[in-house]
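J.: The structure's right below; bear with me while I get my questions together.
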Amino acid sequence: MMLPALVILAAISILPLFYIIWMSLNNLTLLGGTGISSHWTGLGNWGLMFTDPGVWAGWLAMVIYFIATVGLEIILGLVAALVIHEVVWGKNLALSLILIPMFIAPVIVGLLGRFLVNPTYGLYAWVLRESGIYGGNILGGSVSAFVAVVLMDVWEWTPLVALITLAGLVSIQPQILEAAKVDGASYLERLRHIVLPSIAGIIIVALLIRSMDALRYFDIIWQATNGGPANATKIIPLRLYESAFRFFHLGYAATIGLLMLAVSILVANLFTGILRQRGLLR
Amino acid sequence: MTRRGFLRITGAGLAGASLPWLAGCGGGSGSSGASAGGREWKRFSGMTINFISENTAPTSAIAANLTPFKKLTGISVTIQQLELTSLAQRVALDFGSHSGEYQVIYADPYQVMAPLHDGFTDLKEFMEDSSLPSVPKGTGDFIPTQLDAAGHFGDRLLALPYDAPTMIWCYRKDLFEKYHNRMQEDLGFDPIPSDSSTWEQYYRIAKWFNDNQDDVPYGAGHQAKQHDALMCDFSNVLWAYGGDYFEKGQKVGKLGTTDPGPSTLDSPEAIEAAKLYKKLIEIAHPGSTSWDWNDLGEAFGAEECAMCPEWHEFAAAWEVGSLKGNIGYARLPKGPARSANHYGGTGIAVNRYASEDQQKAAWLFVVWATSPEAQLMDLKSSVGGGTPTRTSVYQMPEVKHNKNPLTNMPNIVTAPAVLEAWEPQNIGLRPKIPSWNQCDTIIYSQVSQMLTAGKNPEDAMRDAKIEIDQAVKGVPSAI
């Protein structure tokens, strides 16, 4: 009975996977304009990739970007969820306003961010300059540009983490919290001993969802900095995109993509392992 | 957004009626001109062809006035305008699948034509077909350097020149006049851009503005973002100092090749150019390292700097705003070798994978869209338009009369500067090679590291040379 669905699923996911593995074992290119030319290289692309300093630099930038964005999103999302959970009057309005960024297309977030920090007319650039906080060119320095794209990503996706966390918070039985209050537990004590343990699984799910996204993030950085300055923001998905669609080296791009898939699977298994350990996954 | 998309959105260009297009008005002597309306134009009546283009001002002008072509030929044209990188992808996939979906292609010489050269039809096939209209006034009417750069790949003619953006020296004429005497006294030379102006003088002028006036925040602005714009800006200085990307680089840029030989970016001239370029950016507007050509155009228009090397088409936006009549245009300064003015023009080409009839219908559109009449229409269009690629258009009386700064054809104000920039000794041509996209990325990444990450110019140029040599051999890498 499940066979037709399985056949379709295999056709749309497993067959392309085998094709991309085959691509990674060939020197496949669109250069020339005569069609896709290929010749077998075996593990040639893989060897090239593991010795390519550009790939390692991309992964290093990726790791830092991942830790910064996901880390900030989890912390800020949790704080936002806790705040919204405590709001009595206007909770729906507050929630709606907080969720708006995640409905904006990432490419627009990148453009918006770029305009807001533009030295000529950007509002944020002007505010930072006039207040004396930062007078330099935000997207012109390696560190400031990196911080800027991290903050753009955090601005967009913190609401998602807040939403997921809020779903966990509303599932905590209020009687337990009331009982703790009656027993004299402070807010921080209730948070530490009741709330956080109760929603730990939910936070891990949020972490898992955001991790899968962050590992392949492209739009914001491409629009805002194009990977610069000096490749400071050129995380691995940008390098994959350029290999495939600017340089037309499809085989090499497939190799990079497969490594990204492998890392994503490892990360997903890490989080599901934690969930299993906590008995939240059967 | 590309520079041309910016111009279209800001409404640059003449506010006024476009030229009425009359089919059947008598063509040029002895040739089937675009307006001749003969039977050879009607052979494919009823057909629909697709034109894929970068979102450029000339294409916007054409798209707004397709009725004359329809009347002339009976052919419907659907135009898809995209950002250039997306266009290159679509064309690559079209050629890869042999689908022939886009019969007419905006063939950027460096990002589309060179990497995908075998997907285009040699236009000489159509020119030698007596049943098809010929190019009005012949191909000799196109500016020669442009016909080579935008049209040829090797010995094949793959496109006809369609647009011609070129980098020139754009400066605030009013400020140069205001401070002229003081500048001349302090600097020891006449600062007004001229044939004798050098890049060293440009540097000193920029510094003078930084230190001695408050009309604009900085003397110079540049397009030095880690982007194709940075390669374009840097190349002007590279060539002026006698450096180049490959030996016989200008020949590689003119006709294109699949084998340019080893890169010459490690030459003393190239390293000297890199040192000067770093010096220029150090005193330029700090926004320069995050500006592409659009951002620079906006900054100059917002009076953030007194001068900049910029694509001449931005004049159309500046000359309709508060700076109208106050901007001067000249060819770029010279270095020890020459003045080099980066040419960024493109031609339109025919897809080899379209059917024979579709290719011939596409040829009719190519001939019409690059005809003198179409280029004059472009120049006067209220939705954009570009600078003509044909010599005869510049000789037309109504064009000659509109070269003054208060013209209602803002696209022509830069004509004296660009006509000089297109001379063979002044034009700057980047390499037309299949692996150019990869080389381009290498160049601007290394130069960006030189400008913002403290890499010294020698190391940047030598590392770029090593990576470019690998790229030309077809070795993939994640730059």
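Residue numbers (our numbering), protein chains in the order written: chain D, 1 to 282; chain A, 1001 to 1479.
Even glycine gets a Cβ: it sits at the ideal position worked out from N, Cα and C.
Just so you know, these numbers come straight off a predicted model, no measurement behind them.
#1: Would F146/D and T233/D be called neighbours here (beta carbons separated by less than 8 angstroms)?
#2: Near D1463/A, which residues of its chain fall below 6 angstroms by C-beta distance, leaving aside the five closest residues on each side in sequence?
#3: Can you list the alpha helix (DSSP H) stretches of 4 or more residues lying completely in the segment 18 to 71 of chain D, in chain order?
#4: Name, please, each residue of chain D whose Cβ falls closer than 9 angstroms to the Cβ of F1095/A.
#5: For my contact list, Q1492/A and N1055/A are in at a C-beta cut-off of 8 angstroms; report their separation, rounded to the angstrom.
#6: Go ahead and pull the three-state DSSP assignment for Q1359/A.
#7: Can a CB atom of chain D be found closer than 8 angstroms to the CB of K1225/A?
#8: Give the interface partners of H1098/A over in chain D, defined as CB-CB distance under 8 angstroms, in chain order.
#9: Give me, in chain order, the residues of the same chain whose beta-carbon lies closer than 7 angstroms to that of A1270/A; leave out the 5 immediate sequence neighbours on both sides.
#10: Expressed to the nearest angstrom, what Euclidean distance is found between the alpha-carbon atoms of T1067/A and V1418/A?
#11: For D1118/A versus T34/D, is the C-beta distance shorter than 8 angstroms?
#12: List the endpoints of the continuous beta strand (DSSP E) containing G1347/A.
#13: Please classify K91/D as buried or exposed, where buried requires at least 16 neighbouring CB atoms within 10 angstroms.
#14: Keeping to the same chain, check which residues put their C-beta closer than 7 angstroms to that of A244/D; ignore five residues upstream and five downstream.
#15: Name, going along the chain, the residues of the segment 128 to 146 of chain D whose beta-carbon falls closer than 8 angstroms to a beta-carbon of chain A.
#16: Taking only the alpha-carbon atoms, compute the straight-line gap between K1173/A and P1336/A and give it to the nearest angstrom.
#17: For F1246/A, which of helix, strand or coil comes out of DSSP?
#18: Of all the options H1227/A, Q1226/A, Q1213/A and F1209/A, which has the alpha carbon lying nearest to the alpha carbon of G1219/A?
#19: Beta-carbon of G1428/A versus every beta-carbon of chain D: anything under 8 angstroms?
#20: Secondary structure at H1227/A, three-state DSSP: helix, strand or coil?
#21: Within the 8 angstroms Cβ cut-off, does S1477/A reach chain D?
#22: When the Cα of I1062/A is compared with those of D1214/A, V1077/A and S1097/A, which residue comes out closest?
#23: Just the chain A side, please: which residues come within less than 7 angstroms of I256/D by C-beta, in chain order?
#24: Using CA coordinates, which residue listed in S1045/A, K1042/A, G1474/A and I1049/A is at the minimum distance from P1262/A?
#25: Enumerate in chain order the residues of its own chain whose CB-to-CB distance from G228/D is below 6 angstroms, with the five nearest sequence positions on each side excluded.
#26: I want to verify the contact list: residues of chain A whose CB lies under 8 angstroms from the CB of F248/D, in sequence order.
#27: Ignoring anything shorter than 4 residues or poking outside the segment 1282 to 1352 of chain A, list the alpha helix (DSSP H) runs there in chain order.
#28: Would you mind reading off the limits of the beta strand (DSSP E) that contains Y1171/A?
#29: Are H1115/A and A1149/A touching if we call contact CB-CB under 8 angstroms?
#30: Mind checking which residues open and close the alpha helix (DSSP H) that includes G168/D?
#31: Going along the chain, which residues of its own chain have a beta-carbon closer than 7 angstroms to the beta-carbon of G1301/A, five neighbours each way excluded?
#32: Does any residue of chain A bring its CB to less than 8 angstroms from the CB of L58/D?
#33: Using the beta-carbon of each residue, which ones in chain A are nearer than 8 angstroms to A230/D?
#34: Only counting the same chain, and skipping five residues up and downstream in sequence, which positions put a Cβ closer than 8 angstroms to that of A1206/A?
#35: Who are the near neighbours of H39/D in its chain, counting only those whose CB is closer than 8 angstroms to its CB and skipping five residues on each side?
#36: Name the chain A residues whose beta carbon is nearer than 7 angstroms to that of S243/D?
T.: From the atom records:
#1: In this structure, F146/D lies near T233/D, with their beta-carbon atoms less than 8 angstroms apart.
#2: For D1463/A, same chain residues with a beta-carbon under 6 angstroms away, outside a window of 5 residues either side, are Q1446 in chain order.
#3: Within the segment 18 to 71 of chain D, the runs of alpha helix (DSSP H) that reach at least 4 residues and sit entirely inside it are, in chain order, 44 to 50.
#4: For F1095/A, the C-beta contacts it makes with chain D under 9 angstroms involve L30, G32, G33, T34 and G35, in order along the chain.
#5: Shown here, chain A extends from 1001 to 1479; a query on residue 1492/A therefore has no answer.
#6: Looking at Q1359/A - three-state DSSP - the assignment turns out to be helix.
#7: Yes, its Cβ sits closer than 8 angstroms to a Cβ of chain D.
#8: Within chain D, the residues near H1098/A are G35.
#9: These residues qualify, in order along the chain: L1238, G1243, T1264 and M1461.
#10: Between T1067/A and V1418/A, the C-alpha separation is close to 31 angstroms.
#11: Between D1118/A and T34/D, the C-beta spacing is below 8 angstroms.
#12: Counting along the chain, the beta strand (DSSP E) containing G1347/A begins and ends at T1346 to V1350.
#13: In the assembly as shown, K91/D is an exposed residue. Its beta-carbon has fewer than 16 other beta-carbons within 10 Å.
#14: Here the set comprises L250 and A253.
#15: For the segment 128 to 146 of chain D, residues whose beta-carbon sits nearer than 8 angstroms to a beta-carbon of chain A comprise G136, N137, I138, L139, G140, G141, S142 and A145.
#16: Linking K1173/A to P1336/A through their CA atoms gives a straight-line distance of about 26 angstroms.
#17: Of the three classes helix, strand and coil, the one that applies to F1246/A here is strand, per DSSP.
#18: Of H1227/A, Q1226/A, Q1213/A and F1209/A, the residue nearest in Cα terms is F1209/A.
#19: Chain D, which has no Cβ nearer than 8 angstroms to the Cβ of G1428/A, makes this no.
#20: When DSSP states are grouped into helix, strand and coil, H1227/A belongs to the coil group.
#21: So, interface residue.
#22: Comparing C-alpha distances from I1062/A to each of D1214/A, V1077/A and S1097/A shows the shortest one belongs to V1077/A.
#23: Under a criterion of Cβ atoms nearer than 7 angstroms, the residues of chain A adjacent to I256/D are, in order, A1478.
#24: Shortest Cα-Cα distance from P1262/A to any of S1045/A, K1042/A, G1474/A and I1049/A involves G1474/A.
#25: Same-chain partners within the cutoff: there are none.
#26: Residues of chain A whose Cβ lies closer than 8 angstroms to the Cβ of F248/D are, in chain order, A1092, P1115 and N1437.
#27: If we require 4 residues or more, the alpha helix (DSSP H) runs fully inside the segment 1282 to 1352 of chain A come out as 1293 to 1301 and 1315 to 1318.
#28: In the DSSP assignment, Y1171/A falls within the unbroken beta strand (DSSP E) covering M1167 to R1172.
#29: The question names His, yet the displayed sequence has Pro at residue 1115/A. In this structure, A1149/A does not lie closer than 8 angstroms to P1115/A by Cβ.
#30: Note, G168/D: alpha helix (DSSP H), S142 to L169.
#31: Closer than 7 angstroms at Cβ, skipping near neighbours: A1317, W1318, G1321 and L1323.
#32: The identity of residue 58/D in the sequence shown is Gly, whereas the question assumes Leu. By this cut-off, G58/D is an interface position.
#33: In chain order: Q1226, S1445, S1448, Q1449, L1451, T1452, A1453 and K1455.
#34: Here the set comprises Y1218, G1219, A1220, L1280, I1283, A1284, A1306 and M1307.
#35: These residues qualify, in order along the chain: N26 and N27.
#36: Correct list: P1476 and A1478.
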